[in-house]
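Residue numbers (my numbering), protein chains in the order written: chain A, 25 to 372; chain B, 173 to 482. Even glycine gets a Cβ: it sits at the ideal position worked out from N, Cα and C. Here's the structure we're looking at; comments come further down.
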Amino acid sequence: MDKILEVKDLHVDFDTYNGVVHAIRGVNFHLNAGETLAIVGESGSGKSITVRSVLQLLASNATISKGEVLYHGDDLLQKSDKEMDKIRGNKISMIFQDPMTSLDPTMTIGKQVAEPLLIHNNVSKKDALKRTEEVLRLVGIPNPAARMNDYPHQFSGGQRQRIVIAIAIVDYPEILIADEPTTALDVTVQAQIIDLLKELQQKIGTSIIFITHDLGVVAGIADRVAVMYAGRFVEYGSVDDIFYNPQHPYTWGLLDSMPTLDTNEEARLNSIPGTPPNLLNPPKGDAFAPRNAYAMQIDEEEQPPFFKVSKNHFAATWLLHPDAPKVTPPAAILKRYEKFQKLGGNAK
Amino acid sequence: MTKYILKRIFYLFITLFIIASLTFFLMKMLPGTPFSNQNRMSPDQLKIVKAQYGLDQSVGVQYVRYMVGLLHGNLGTSFQFNNEPVTSLIGQRLAPSMQIGAQAMIVGTVLGILLGAVAAIRKNTWADTLATFVSILGLSIPSFVLAVLLQFYLAYKWRIFPVALWDNFQSSILPTLALAALPLGTVARFMRTEMVDVMSSDYIELAKSKGNSNWKVVTKHALRNSLIPVVTIIGPMAVSVMTGSMVVENIFSIPGIGEQFVKSITTNDYPTIMGLTIFYSFLLIIVYLIVDILYGLIDPRIRLGNGGKE
Ligand SMILES: Nc1ncnc2c1ncn2[C@@H]1O[C@H](COP(=O)(O)OP(=O)(O)OP(=O)(O)O)[C@@H](O)[C@H]1O
Ligand SMILES: [Mg+2]
């Protein structure tokens, strides 16, 4: 498979009043052509900053201190802002989290959707508006020809998110980055938006990076999942790997705090106790250690490397070291392992 | 939209009626008469003069007479200024005042918007500091002080502009600058605050993520949105330019209505005071009406909220 995007050893720092925040501390991942990669993790783990770095849409106090962002082998971090303008909205586009505030309140939505077309292609206004109408119909805005002249406040939240999606796909991007596109919406609308993204992916063949802190929506959309904690990835693999053969205690915690249909015992949600570390002074060892019931001496001292679990499944936990003692994961996770075996996988 | 404007024009007349009545009665409550310092007149002479101006009638009759006149566009006759009708007095002196007033508003607003926008875009740089310094100067120096300073240096010492003369565009520059400082400072400060806010909003980020250059992001998205609240302060600013112009016109000896207003107050010239008050109110109400229409044009949310089109 073709890697169309590869992020290598990304480090992002923020200059703040209290000092330097090391928000991203060495992130590696890649995106294959045509697939959907989900990035999950608690609030503040660095998901948005990671993907914003790809397009260099960061706050002015941010510095990408190290790393490469290879797009078809070309390092985007070496490009000027002008060169990046040619990629943004054209090759790589982004869907933001809050549909209520993402649209310009004083511009008709037709103009807003047509904008990327007019910026990146030598098309007439008429053709651009024609394509805009098509795309609005595609994302499910009824009567698009007339509604193109309306302003954002005349649409519901779900409709506005569809418009935001229309803006992102209007110029057939190769990569679509969706940063929590459904968080602000109610559950039924969430499901509709996810279905829409899947449908669009089939129609226009984009690769998607889908960010969420809700593992529940991941299964429905992703091919692969990367789990993020305190500015690093801690585990990544296929959806089945992460859901039914998770290895990192943080992933266990996330899965445990997720309501599912088959947790038919009273859906008692266990959120992970404790809080993420302060990234002004990142810990020397494993950042998750203080919250990890399975932490060992070495977790305090040294950051775990990635251990290979299976062909495309890796986890950064000392528990996978050959010399580590065998531990028994929580009961709910064991149940998942059983299911994995039924699926034909080879759980640990 | 038309319905809305018609409604506003109806309110305009009601407001004018109330203002005219209030000014009339307030004026009557003032001590002294236009002729009280003319002690060379005998009581008989005074009686004749009073009768001539209708001042011997009861207040109620005077009021009705005045309002009927007003309805016909008649603002009465001045006690001073050669007994001219007030309307023609205002008419003769309107042009210079309107010219420097409008020039000051345009220069102040446009420069203020530019200054505020530059300050916001170059936030926390020397350009921002400079812009903030200039706008605070504009805000804190009273227009008459600035007028005197400009007159002394640019006109008297360096002789770049006429000291006090009213003939060509040249002579309108200094008074315009003196009056423009306050709107410039106010608009610049407002604009900066607003635009800093707008520049950090989600839709600006989305605009950037579409591939817009920084320049396009500002001109196509940020400016218009930042202008919305700025439009609301145009009304109050017009008020301060009008009051400022009264003094500034005096300093530069401009034959405008501001200067006339001051004179008519010092001489108890009731009809002129009233006429000018009503005229100023009319002007202000028109400015506010224009501001509201502008507001609706810039902000689509308002347009619909007021039962406009659609
Ligand atoms: N402008 C900034 N200045 C300082 N620190 C920042 C800034 N932006 C982000 N951070 C820090 O970077 C870290 C990662 O933030 P990020 O927005 O990527 O989180 P996230 O995983 O997307 O969370 P969420 O699910 O809430 O969106 C956070 O700890 C945050 O405090
Ligand atoms: Mg985020």
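Between the region 241-252 of chain B and the region 303-317 of chain B, the count of C-beta pairs closer than 8 angstroms stays below three; the two stretches do not touch. The beta carbon of Glu-59 (chain A) sits closer than 7 angstroms to the beta carbons of Ser-231, Asp-247 and Arg-248 from its chain, once the five residues preceding and following it are set aside; these are given in chain order. Met-282 (chain A) and Gly-240 (chain A) have their C-alpha atoms spaced approximately 7 angstroms apart. The criterion of a C-beta distance shorter than 7 angstroms is not satisfied by Gly-407 (chain B) and Val-359 (chain B).
Pro-168 (chain A) and Glu-157 (chain A) have their C-alpha atoms some 6 angstroms from each other. Checking the DSSP bridge columns, you'll see Ser-231 (chain A) partnered with A:Ile-199. The nearest non-hydrogen atom of ligand 1 is less than 6 angstroms from the C-beta of Thr-40 (chain A). By the neighbour-count definition (other C-beta atoms within 10 Å, threshold 16), Ser-117 (chain A) is a buried residue. Counting only Cβ-Cβ distances below 7 angstroms, Gly-113 (chain A) has contacts in chain B at Ser-381, Lys-382 and Gly-383, in chain order.
Within the region 67-83 of chain A, Leu-79 and Leu-81 place their CB atoms closer than 8 angstroms to a CB of chain B, listed in sequence order.
Relative to ligand 1, the nearest heavy atom lies less than 6 angstroms away from the CB of Ala-83 (chain A). Using a Cβ-Cβ cut-off of 7 angstroms, Pro-472 (chain B) is close to Thr-130 and Tyr-175 of chain A, given in chain order.
Counting along the chain, Arg-237 (chain B) sits inside the alpha helix (DSSP H) bounded by residues 231-243. Contact between the region 132-152 of chain A and the region 175-182 of chain A is present: 3 or more CB-CB pairs across the two stretches fall below 8 angstroms. Pairing Gly-244 (chain A) with Thr-281 (chain B), the inter-Cα distance amounts to about 54 angstroms. Shown in chain order are the members of the region 346-380 of chain B whose Cβ falls below 9 angstroms from a Cβ of chain A: Ser-372, Ser-373, Asp-374, Tyr-375, Ile-376, Glu-377, Leu-378, Ala-379 and Lys-380. Gly-447 (chain B) sits close to Val-258 (chain B), with the two beta carbons spaced by under 7 angstroms. Neighbours of Thr-230 (chain A) across chain B, judged by C-beta separation under 7 angstroms, do not exist; the nearest C-beta is about 15 angstroms away. The continuous stretches of alpha helix (DSSP H) do not include Val-44 (chain A), which lies in the beta strand (DSSP E) extending over residues 43-56. In this structure, DSSP gives Lys-329 (chain B) a helical state, which the three-state scheme calls helix. Of the other Cβ atoms in all chains shown, 16 or more fall within 10 Å of the Cβ of Gly-277 (chain A); this residue is therefore buried. Ranked by Cα distance from Val-390 (chain B), the first of B:Val-403, B:Gln-323 and B:Ser-373 is B:Ser-373. The contact set of Asn-397 (chain B) on chain A, defined by CB atoms closer than 8 angstroms, consists of Asp-128, Pro-129 and Thr-130 in chain order. For Met-172 (chain A), not one C-beta of chain B is nearer than 7 angstroms to its own C-beta. Membership of Asp-441 (chain B) in any alpha helix (DSSP H) is not indicated, and neither H nor E is assigned to it by DSSP. Taking CB atoms only, Thr-207 (chain A) has no neighbour in chain B less than 7 angstroms away. Non-local C-beta neighbours of Leu-326 (chain B) in its own chain, meaning closer than 7 angstroms and more than five positions away in sequence, comprise Ile-332, Phe-333 and Leu-346, ordered along the chain.
No heavy atom of ligand 2 is found nearer than 6 angstroms to the CB of Ser-126 (chain A). Between Ala-394 (chain B) and Met-363 (chain B), the CB-CB gap reaches or exceeds 7 angstroms. Per DSSP, Ala-319 (chain A) is not a residue of any beta strand (DSSP E), being assigned neither H nor E. Partner residues in the beta bridge of Leu-29 (chain A), as assigned by DSSP, are A:Leu-55 and A:Tyr-95.
Counting only the Cα atoms, Asn-52 (chain A) lies some 29 angstroms from Thr-352 (chain A).
The region 66-81 of chain A and the region 249-259 of chain A touch, with three or more beta-carbon pairs separated by less than 8 angstroms. Residue contact check for His-393 (chain B) against chain A: a CB pair falls below 7 angstroms. With its beta carbon less than 7 angstroms from one in chain B, Asp-109 (chain A) belongs to the interface. Distance check between Ser-295 (chain A) and each of A:Pro-306, A:Leu-303, A:Pro-273 and A:Gly-309 places A:Pro-273 closest, using alpha-carbon atoms only.
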